[in-house]
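What follows is a single structure, written as structure tokens, with notes after it.
See below:
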């Protein structure tokens, strides 16, 4: 191939010789890096086409962070779609770069034309001559492997043998060896490269995790009935809860703010304004005479106590996620040292936080347009302080109320020095803002999953998360938070809690729950979508041992879900979720499949979830499976084992199910060996 036929994509000439469009994964045409994590299987695709009818070849050129370039042949999609695709397992941390390479596949063009013409006895000798020319060109390529050259020599000798008929020659060059060689080392011309795109690969925890939230002040808190006083829990008493969290299979423990709490306008029970001397206040009202964001509340213990807590958690396989809430109580040291960091109203007072009709008199929002340099570097200092204390994960409170540009700067600064630090965005807001935060660098985000409860809502939203926004927005599906208790859970009882946990844990690589969920706590404050006697404003010790002894807990069910996540790598992927049709409007069916070449075990893995999303009834229906989505040939019979009940069944394409919400509302099937193939 002559050097002049090598054509690269030029920005001043958008179409190369062979058009390459809609490259994926890319974010805003490459303006930001697409996301990946170690162990994630990334689908790559592009629309590639050409004039006329000659054959095309398309390849992914993937450059790893350590400089290794791999070439992956892409396959065409459905007829007429012009979409080419492949999948790659990401193995390294750091920035990958990739391009799509399109080329005229000259061997395939000749083979296609020869097949048609020889079948009708047209231009037989001419087609053999053109085949000779094709293989001579292949042999002239200096970078062709020795084995490939040897096979091309064989093909050439066949085509040049005068004793063999053209039809027999064609059959001979259609041997597996020759066709596979020309597939993996094609004869290229008109080579065209797309522009280069970036894929940022981060550690596995940036995309995979089971999160649990508790308030350390409640774990071990004691009320003295005689003196009517509380003794706060602390890091020493809270550490006693860690083994139970680990036993349920959680590997991230999220702590609400652990800093001193302001006294001014302190909130009392249920967000009232009449706090008593024993009311601990909201942890999000950060700052007092004891210190601010870089200080630990004295009731919780010392820095050494915190480090010991982190070490204990790490020893159990749990990472600590710390809340980063950029706001201040009126008593915060920043209010005196840097009053310009807040908004001053016309009457000279500092504006407190409001989300009408809600008012948060105990919190001052930060104004990032006043002294941005001072604020930016102070926050960076605070984050680095906690990193030095062993924290590698930050759950960021209300990031959508701060400038996106600030987060882009902060996360970039932190990850340059500490690439293993993960930021989770707690942003229940408009899609554009949530997506922008993902593009700015947040590794994960809360989602609307909490409010998606019907079969149609779940299918639609989970498809969006897995296929439309996955390049820049990593979902973490939380079933509850301290201030979110949906009607579905308020009135659905244990069945609703099981259903939501199963879908969250198995539909997404990351999911989370707030303490008390395993006890099915579901009493809401009248007129609100949050728990009554919210732990945000008061101590909430729970008698975990009594709950276990009396069976008033679904902790065993939660543990089983997390065990399934650990045992099945297909579940720990986001983009592989597929849905299957059911005849009932309340029966949701989805699967996760991972091919053997992409699995860390070297074996294919498939999980099928069938859930009754009606927590108040028995539902029965027929589930219609698309077997190709499970890696099974059409018409096969195969074994499915319910990993919740340990019952096994033989299934085919169409299968009857009956799910009793009051017993086991969800099947979690492990796909076993094929019993009979079609």
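Numbering (the working numbering), first residue to last: 160 to 837. The C-beta atom is built at its ideal place from N, Cα and C for all residues, glycine as well. No experiment lies behind these values; they were computed from the predicted model shown.
Rounded separation between residue i and residue j - CA only
i: residue 444; j: residue 418; result: 9 Å
i: residue 362; j: residue 580; result: 9 Å
i: residue 809; j: residue 604; result: 39 Å
i: residue 543; j: residue 496; result: 21 Å
i: residue 482; j: residue 827; result: 33 Å
i: residue 693; j: residue 415; result: 13 Å
i: residue 168; j: residue 761; result: Confidence is the limiting factor: at residue 168 the pLDDT is only 47, short of 50, which leaves the residue's position unreliable and the question unanswerable from this model.
i: residue 305; j: residue 268; result: 24 Å
i: residue 842; j: residue 242; result: With the chain running from 160 to 837 in the structure shown, residue 842 is simply not present.
i: residue 295; j: residue 315; result: 7 Å
i: residue 162; j: residue 232; result: Confidence is the limiting factor: at residue 162 the pLDDT is only 43, short of 50, which leaves the residue's position unreliable, though a coordinate-based value still follows. Computed Cα separation, rounded: 22 Å.
i: residue 388; j: residue 537; result: 37 Å
i: residue 757; j: residue 200; result: 7 Å
i: residue 771; j: residue 822; result: 11 Å
i: residue 164; j: residue 238; result: Residue placement at residue 164 cannot be trusted, given a pLDDT of 47 that sits under 50; the coordinates are not used to answer.
i: residue 301; j: residue 178; result: 27 Å
i: residue 534; j: residue 451; result: 14 Å
i: residue 602; j: residue 326; result: 58 Å
i: residue 686; j: residue 813; result: 44 Å
i: residue 825; j: residue 801; result: 9 Å
i: residue 763; j: residue 288; result: 45 Å
i: residue 520; j: residue 412; result: 29 Å
i: residue 628; j: residue 594; result: 8 Å
i: residue 616; j: residue 754; result: 28 Å
i: residue 493; j: residue 500; result: 8 Å
i: residue 170; j: residue 592; result: Note that residue 170 scores 48 on pLDDT, short of 50, meaning its location in the model is unreliable; the coordinates nonetheless yield the value given after this. Their backbone Cα atoms lie some 30 Å apart in a straight line.
i: residue 515; j: residue 621; result: 31 Å
i: residue 652; j: residue 571; result: 43 Å
i: residue 212; j: residue 668; result: 43 Å
i: residue 378; j: residue 485; result: 25 Å
i: residue 447; j: residue 440; result: 12 Å
i: residue 395; j: residue 401; result: 11 Å
i: residue 319; j: residue 203; result: 40 Å
Candidates the options: closest to residue i by CA position
i: residue 429; options: 477, 698, 754, 405; result: 698
i: residue 126; options: 562, 309, 713; result: This structure cannot speak to residue 126, because the chain is shown only from 160 to 837.
i: residue 829; options: 815, 812, 806; result: 806
i: residue 608; options: 593, 637, 633; result: 637
i: residue 789; options: 750, 819, 393; result: 750
i: residue 740; options: 821, 618, 539, 279; result: 618
i: residue 688; options: 641, 835, 670; result: 641
i: residue 610; options: 645, 492, 678; result: 645
i: residue 588; options: 582, 569, 612, 560; result: 560
i: residue 759; options: 742, 731, 735, 748; result: 731
i: residue 838; options: 614, 206, 785, 395; result: There is simply no residue 838 to check, as the chain begins at 160 and stops at 837 in what is shown.
i: residue 370; options: 724, 266, 503, 501; result: 724
i: residue 556; options: 568, 525, 548, 506; result: 525
i: residue 219; options: 436, 299, 352; result: 352
Short Cβ contact (9 Å threshold) for residue i with residue j
i: residue 347; j: residue 263; result: yes
i: residue 656; j: residue 676; result: yes
i: residue 223; j: residue 250; result: yes
i: residue 596; j: residue 573; result: no
i: residue 766; j: residue 706; result: no
i: residue 643; j: residue 719; result: no
i: residue 366; j: residue 722; result: no
i: residue 746; j: residue 769; result: yes
i: residue 328; j: residue 290; result: yes
i: residue 490; j: residue 380; result: no
i: residue 711; j: residue 678; result: yes
i: residue 549; j: residue 470; result: yes
i: residue 217; j: residue 261; result: yes
Opening and closing residue of the beta strand (DSSP E) in which residue i lies
i: residue 672; result: 669 to 673
i: residue 274; result: Counting along the chain, residue 274 falls outside any beta strand (DSSP E), though it belongs to the alpha helix (DSSP H) covering 265 to 278.
i: residue 751; result: 746 to 753
i: residue 814; result: 813 to 819
i: residue 765; result: 764 to 771
i: residue 552; result: 552 to 556
i: residue 368; result: 368 to 372
Start-to-end residues for the alpha helix (DSSP H) that takes in residue i
i: residue 468; result: 462 to 474
i: residue 336; result: 335 to 343
i: residue 724; result: 714 to 726
i: residue 566; result: 563 to 576
The ligand FAD heavy atom lying under 8 Å from the CB of residue i
i: residue 680; result: Looking for the ligand FAD in the displayed structure turns up nothing, as the structure carries no ligands at all.
When you compare the region 251 to 264 with the region 175 to 186, are there three or more beta-carbon pairs, one atom per stretch, that lie closer than 8 Å? Verdict: yes, contact present.
Inspect the CB distances between the region 191 to 202 and the region 348 to 368 and report whether three or more fall short of 8 Å. At 8 Å Cβ cutoff, the stretches touch.
Inspect the CB distances between the region 460 to 479 and the region 419 to 438 and report whether three or more fall short of 8 Å. Taking 8 Å as the limit for Cβ pairs, the verdict is that the region 419 to 438 does not touch the region 460 to 479.
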